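Okay, structure first, notes after.
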Amino acid sequence: VHRIDSPAVDALLGSSPIDQVHFGVMVTDALTGRVLLAHNAHQWFVPASNQKILVTAAAWSLLGPDHEFRTELWAAGLIQGNTLEGDLVLVGS
């Protein structure tokens, strides 16, 4: 697994319109837990709508405060250099 190219990501995050929004993301290696990319990963965010607060409260009540959702990113294809020639598959729990 390759670390995500930080200069390219930094350039993307600094470009318009992305530079006008506040968000966080963390990408980790599914097998090792090694952080491949982090941007505002440990910051708290204000929900953008009241609906998110209700869904969060329901999930917390049903699943408990220690539950962690898992999202996996799989690559199907060949990696040549820094380019994947194939498909990315996003799998959420």
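Everything in the sequence shown is counted per my numbering, starting at 486 for the first residue and increasing by one.
Glycine is no exception: its CB is placed at the ideal position from the N, C-alpha and C atoms.
Please read all numbers here as calculations on a predicted model, not as lab measurements.
Per-residue DSSP class, three states only, for residue i
i	result
residue 565	strand
residue 572	strand
residue 556	strand
residue 506	coil
Straight-line Cα distance separating residue j from residue i
i	j	result
residue 510	residue 496	16 Å
residue 514	residue 489	11 Å
residue 576	residue 512	13 Å
Residue i - containing alpha helix (DSSP H), residue span
i	result
residue 496	491 to 498
Opposing strand residues paired with residue i [DSSP bridges]
i	result
residue 517	For residue 517, which the question treats as bridged, DSSP gives no partner whatsoever.
residue 527	Bridge partners of residue 527: none, in fact.
residue 577	556
Exercise. Are the stretch 499 to 513 and the stretch 524 to 532 in contact at 8 Å, needing three or more beta carbon pairs?
Worked result: Yes, they touch.
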